[in-house]
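Take 11 as the starting number for the sequence shown in the numbering used here and just add one per residue.
This report refers to the structure that appears directly beneath it.
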Amino acid sequence: MIVHLDIDGERKEKLIRISGTVDNQFALAGRWLRGNLHCHLEEGRWVDSAAGIYRDLGYDFLAGMDHDKTTPPDAPGELLVIPGAEMSPGHLLVFGLDDVSFLRARAGERAESTAEMIVRAKEEGGSCYLAHPLWGGWTREELEILCDAGLDGMEIVNSSNWKSGDTVSSDQLWHMMLDPTTTLSAIGGDDAHGPDNVRDGDGIQAIARARLGWTGVLAEEASVRGVLDALRAGRTYASEGPEFRSVELRPDGKLIVRCSPCVACHFRGRQRGYGGRSAFAPDEQGVAEEFVFDFAINGYRVKDHLIVILEDESRRKAWLSPLRLDLSIQARSEG
Ligand SMILES: [Zn+2]
Ligand SMILES: [Zn+2]
Numbered sequence: 011m012i013v014h015l016d017i018d019g020e021r022k023e024k025l026i027r028i029s030g031t032v033d034n035q036f037a038l039a040g041r042w043l044r045g046n047l048h049c050h051l052e053e054g055r056w057v058d059s060a061a062g063i064y065r066d067l068g069y070d071f072l073a074g075m076d077h078d079k080t081t082p083p084d085a086p087g088e089l090l091v092i093p094g095a096e097m098s099p100g101h102l103l104v105f106g107l108d109d110v111s112f113l114r115a116r117a118g119e120r121a122e123s124t125a126e127m128i129v130r131a132k133e134e135g136g137s138c139y140l141a142h143p144l145w146g147g148w149t150r151e152e153l154e155i156l157c158d159a160g161l162d163g164m165e166i167v168n169s170s171n172w173k174s175g176d177t178v179s180s181d182q183l184w185h186m187m188l189d190p191t192t193t194l195s196a197i198g199g200d201d202a203h204g205p206d207n208v209r210d211g212d213g214i215q216a217i218a219r220a221r222l223g224w225t226g227v228l229a230e231e232a233s234v235r236g237v238l239d240a241l242r243a244g245r246t247y248a249s250e251g252p253e254f255r256s257v258e259l260r261p262d263g264k265l266i267v268r269c270s271p272c273v274a275c276h277f278r279g280r281q282r283g284y285g286g287r288s289a290f291a292p293d294e295q296g297v298a299e300e301f302v303f304d305f306a307i308n309g310y311r312v313k314d315h316l317i318v319i320l321e322d323e324s325r326r327k328a329w330l331s332p333l334r335l336d337l338s339i340q341a342r343s344e345g
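Right, here's the structure in full:
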């Protein structure tokens, strides 16, 4: 929902007028669901057991992402099964297509070939996310090619990559790629290969000893279509634990974030001024379930996007897909 702001504000000591729009895609009376959009079922040989394991974790949906083919888990009905595959080259996560065999990679450079898959998958109604971008060793120029092709988002958390030089978080790469024309949604996954593959450290039991990454979505309804629509609309977040419960922007410019108990909520834009801003739980309580970003006071700091990051007592985080901003700032005189 586009929210129009036209409010008096401050830039440090100076008086300003902030006007324009904020697109709050989370202004929807829907259901927050959680799931794993990245695990390897057949390669991990746990097609029959994965649904039960994730159901016991409290998940609502699961995508079996084998390399270059879709593998739905057994036991339908236990979880919403999201069709998807991890495509080569580039480790591109494609959702929403039952058959990915037409996405044949062409020979040549990795970025160009991956970009071509993005275009073709989206033509057929799929949505495309880059798995573990930091692990992938992408350059900025290569990522720009993928963004120009229409990449929908990135895996901000990939738990399995803890064992691979701790390339779990791609937070900074993600932030770097946002610009007025590029909005990348945030998803997370655990990339598990089996229930307990201890030797390679990528079984879900082994990963869970560190922390499991997952994706939260705000869906209009608890269905496969509801999850896929939420992905396309960017109503997602990547999490290592914290949960978003609502994101409300009021006409007075107060953005109110409700969540599971957290010690802090970080608000980060592409900057006009230096840095972002963080809100902390009151000392006497230690944690809070509501945090506020006030555009009247801190809106001057952010440009074209606002990222919201939750942090809990164990320093686990959750990254909300960016809200798009189009704000102008004018000086104003007193009175
Ligand atoms: Zn991968
Ligand atoms: Zn994978």
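Heads up, the beta-carbon is just placed ideally off N, CA and C, and yes, glycines get one too.
Nonlocal neighbours in the same chain, by C-beta distance under 8 angstroms from residue i, ignoring five residues either side
{"i": "Leu335", "result": "Gly30, Thr31, Val32, Asp33, Gly279, Val312, Lys313, Asp314, His315 and Leu316"}
{"i": "Leu38", "result": "Met11, Leu228, Glu230 and Arg245"}
{"i": "Ala232", "result": "Arg41, Leu43, Asp70 and Leu90"}
{"i": "Asp206", "result": "Gly213, Ile214, Gln215 and Ala216"}
Proximity test, residue i beta-carbon vs ligand 1 heavy atom, cut-off 6 angstroms
{"i": "Ala202", "result": "no"}
{"i": "Ala115", "result": "no"}
{"i": "Ala291", "result": "no"}
{"i": "Ala141", "result": "yes"}
{"i": "His101", "result": "yes"}
Exposure label - residue i; buried when at least 16 CB within 10 Å
{"i": "Lys327", "result": "buried"}
{"i": "Gly135", "result": "exposed"}
{"i": "Met97", "result": "buried"}
{"i": "Cys83", "result": "Per the sequence shown, residue 83 should be read as Pro rather than Cys. Buried, because 16 or more other Cβ atoms sit within 10 Å of the Cβ of Pro83."}
{"i": "His48", "result": "buried"}
{"i": "Thr191", "result": "exposed"}
{"i": "Thr149", "result": "exposed"}
{"i": "Glu294", "result": "exposed"}
Proximal residues to residue i (C-beta, below 7 angstroms), its chain only, five neighbours per side dropped
{"i": "Gly309", "result": "Gly19, Ile28, Gly263 and Leu337"}
{"i": "Arg116", "result": "Ser123 and Glu126"}
{"i": "Ser169", "result": "Val178, Asp200, Asp201, Ile217, Ala220, Arg221, Leu222 and Gly223"}
{"i": "Gly106", "result": "Pro93, Gly135, Gly136, Ser137 and Leu238"}
Cβ-Cβ distance between residue i and residue j below 7 angstroms
{"i": "Phe36", "j": "Val318", "result": "no"}
{"i": "Gly223", "j": "Gly204", "result": "no"}
{"i": "Ala60", "j": "Thr80", "result": "no"}
{"i": "Ala73", "j": "His101", "result": "no"}
{"i": "Leu103", "j": "Ala131", "result": "no"}
Cut-off 6 angstroms between Cβ atoms - residues of its own chain near residue i, not counting five sequence neighbours on either side
{"i": "Ala274", "result": "Ser288, Phe290 and Glu321"}
{"i": "Phe303", "result": "Leu265 and Phe277"}
{"i": "Leu25", "result": "Arg342"}
{"i": "Glu52", "result": "Asp76 and Thr81"}
Cβ-heavy atom distance, residue i to ligand 2, below 6 angstroms
{"i": "Glu96", "result": "yes"}
Could you say if the stretch 124-139 and the stretch 150-157 meet the contact criterion of at least three C-beta pairs nearer than 8 angstroms?
yes
Quick check: the stretch 235-248 against the stretch 159-169, are at least 3 beta-carbon pairs closer than 8 angstroms?
yes
Does the stretch 268-278 come close enough to the stretch 227-245 to have 3 or more Cβ pairs within less than 8 angstroms?
no
Evaluate contact between the stretch 212-219 and the stretch 292-306, counting only Cβ atoms and requiring at least three cross-stretch pairs below 8 angstroms.
no
Across the stretch 232-241 and the stretch 177-191, are there enough close Cβ pairs to call them in contact, namely three or more that are closer than 8 angstroms?
no
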